[in-house]
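The block underneath contains the structure these notes are about, expressed in structure tokens.
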Amino acid sequence: MKTILDLCGGTGAWSAPYKQNGYKVINVTLPKYDVKTYKPPKGVYGVLAAPPCTMFSHARTKANKPRSTREAMEVVRGCLGIIWELQYGVKTGAKDTQLKFWALENPNHSVLKNFIGKPAMVFNPYDFGDNYNKQTGLWGNFNEPKKKPVKVNKPKFNRLLTKEIAPEYFGKLSRTERRAITPKGFAQAFYEVNK
50 MKTILDLCGG TGAWSAPYKQ NGYKVINVTL PKYDVKTYKP PKGVYGVLAA
100 PPCTMFSHAR TKANKPRSTR EAMEVVRGCL GIIWELQYGV KTGAKDTQLK
150 FWALENPNHS VLKNFIGKPA MVFNPYDFGD NYNKQTGLWG NFNEPKKKPV
200 KVNKPKFNRL LTKEIAPEYF GKLSRTERRA ITPKGFAQAF YEVNK
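Mapping of the sequence shown onto our numbering: residues 50 to 244, in sequence order.
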């Protein structure tokens with residue numbers, strides 16, 4: 050059975066297509082697991098990482114808690130450390146590591162680019178059939194899903210009514226937590242080309 054690590058996976062929305070198709074998915078998220086101390090098992094097939102974007106956001110101009118990119122980068126470093134650990138065992142003569150893919154997700158318009166460079170791919174949920182706009186960057190080593198955009202008839206994501214954002218979690222998760230959920234169309238498209 051192939052193993053997928055879903056780092057900072059929250060609801061598991063990004064890894065859901067893997068789980069639904071028989072992969073073993075380990076959701077490495079607080080409070081059960083902390084990416085800063087987690088030791089990955091051997092033989093991981095792929096890694097999905099979605100570290101919190103709160104401290105990187107360009108929108109963070111009037112927050113009560115001051116921006117701490119150091120604190121945020123500790124989580125990103127934890128995610129990257131796990132990814133690196135899984136690739137250290139390259140066998141002599143091998144051209145690739147055993148890790149088939151990895152991807153780290155965060156908003157495209159954020160200060161994270163100042164730390165890890167430009168993303169390999171940028172998408173909006175509407176590129177994969179979800180009727181809203183939220184530009185997202187993906188860093189990593191993965192097969193890029195083919196975009197099949199739909200026309201958006203909803204307002205910009207940050208102007209959606211609170212009940213419209215991941216309505217299945219309304220009343221269970223905060224607006225911020227629901228905003229962080231990976232769009233279903235993208236999750237499925239990513240799975241299709243990285244399985």
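Beta carbons are placed, not taken as given, at the ideal position from N, Cα and C, and that holds for glycine.
Can the beta-carbon of residue i be found closer than 9 Å to that of residue j?
i, j, result
"Phe172", "Pro66", "no"
"Asp179", "Phe219", "no"
"Ala5", "Leu153", "Here the chain covers residues 50 to 244 and nothing more, so residue 5 does not appear."
"Lys195", "Tyr175", "no"
What residue from the options has the CA that sits closest to residue i's CA?
i, options, result
"Tyr181", "Cys102, Ile230 and Phe191", "Ile230"
"Lys203", "Pro194, Lys183, Tyr137 and Glu193", "Lys183"
"Val124", "Asn190, Cys57 and Lys196", "Cys57"
"Ala169", "Lys149, Ser159 and Asn192", "Asn192"
"Arg126", "Ala143, Lys68, Thr86 and Asn190", "Thr86"
"Cys102", "Ile131, Gly59, Trp151 and Ser64", "Gly59"
"Ala62", "Pro232, Ser117 and Gly130", "Pro232"
"Gly71", "Ser117, Asp55 and Met50", "Met50"
"Pro90", "Trp133, Ser64 and Asn243", "Trp133"
Contact criterion: CB-CB distance below 9 Å. Does residue i meet it with respect to chain B?
i, result
"Thr86", "Among the chains in the structure shown there is no chain B, since it carries only a single protein chain."
Rounded to the nearest angstrom, what separates residue i and residue j at their Cα positions?
i, j, result
"Gln147", "Tyr94", "7 Å"
"Asp83", "Ile75", "12 Å"
"Thr52", "Pro156", "26 Å"
"Arg228", "Thr185", "12 Å"
"Val139", "Phe150", "14 Å"
"Leu135", "Val96", "9 Å"
Would you decide whether residue i is buried or exposed? Buried here means 16 or more other CB atoms lie within 10 Å of its CB.
i, result
"Phe164", "exposed"
"Thr141", "exposed"
"Leu79", "exposed"
"Ala143", "exposed"
Can we count residue i as close to the ligand SAH, meaning its CB is less than 8 Å from some heavy atom?
i, result
"Val124", "Because no ligand of any kind appears in the structure shown, any question about the ligand SAH cannot be addressed here."
Would you mind listing the beta strand (DSSP E) stretches within the stretch 67-110 that are 3+ residues and don't spill past its ends, in chain order?
The beta strand (DSSP E) runs of length 3 or more contained entirely in the stretch 67-110 are, from start to end of the chain, 73-77 and 93-98.
Would you mind listing the alpha helix (DSSP H) stretches within the stretch 125-189 that are 4+ residues and don't spill past its ends, in chain order?
DSSP runs (the alpha helix (DSSP H)) wholly in the stretch 125-189: 162-165.
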